[in-house]
Structure formats: structure tokens, C-alpha cells
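Numbering (the numbering used here), first residue to last: 2 to 124.
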């Protein structure tokens, strides 16, 4: 049986490892999303691509965004009564509701063009 000091050291290592795993769980930004709406198109290229999100699909003058998805973009699906779960771009479909947070510069065209920091989708 390991000594008390060895057990304490093993406990601390396990605790730090668990803390590290929790810190790696994807989270959403603490600010309001930059756009909230419906995904009206997706262009995929491997695990990256671009999606168009429209606040009111088909309406003229409403908020619309072309959001670039990179390997660094956090993709999550809302789960009733639980924390959002990580997903891949393949799990996202046109017609889903989406909240998107941008990172870096935003091209002020219409629609705006930005890189996604995080995308939260729901059915």
C-alpha cells in the first residue's frame, strides 16, 4: 500500500487532471450573441466552411451574417435542461436556429462577414 504522502500526491495529480479536463470543455462567450436567427445556407469544406444566418429569413434589411467557421470555432447544440454539447459542422443543417458570436474584424457589408468564435444551434 502506498504511503500517506504518495496517496496525497496521487490525489492531487488526479484533482489537477480533472480540473484540466473541465477547463477544456467548450463554453460560450459571456456576452450577448452578435446575431441570432435561422441558418439559411451552409457551404462545407471539411470541418470548416461558411454559414449564412438571417434574423428574419427572406426579409429585406434585417440582420444577416455570413459566418466563417474555422477549426477554432466552438460549435455547440442546445440540450434541454443540460449544458450545450459539442458538435461538428456536419451536425448542423439549414433551418436550424443559431446564435453566433464573432471574433476579429467584421466586414460591414450586407450581410456582415465575420469569423465565428462560437455557434450555438437548436432544432
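Where a beta carbon is used, it is the ideal one built from N, C-alpha and C, also for glycine.
Ranked by Cα distance from residue 93, the options 82, 39, 104 and 64 are led by 39. Taken through DSSP and simplified to helix, strand or coil, residue 91 comes out as helix. Comparing alpha-carbon positions, the option among 86, 113, 111 and 108 lying closest to residue 120 turns out to be 86. Taking residue 115 as reference, the option from 32, 123 and 105 with the minimal CA-CA separation is 105. By the 16-neighbour rule on beta-carbons within 10 angstroms, residue 53 is buried. In the DSSP annotation of this structure, the continuous segment of the beta strand (DSSP E) that includes residue 106 starts and ends at 98 to 108. Each of 27, 45, 49 and 66 was checked against the Cα of residue 100, and the nearest Cα belongs to 66.
Looking only at 84, 80, 110 and 50, the smallest Cα-Cα distance to residue 73 is reached by 50. Exclusion of the five residues before and after residue 56 leaves 38, 63 and 64 as the residues of its chain whose Cβ lies within less than 6 Å of its Cβ.
For residue 76, the uninterrupted beta strand (DSSP E) run begins and ends at 75 to 80, by DSSP.
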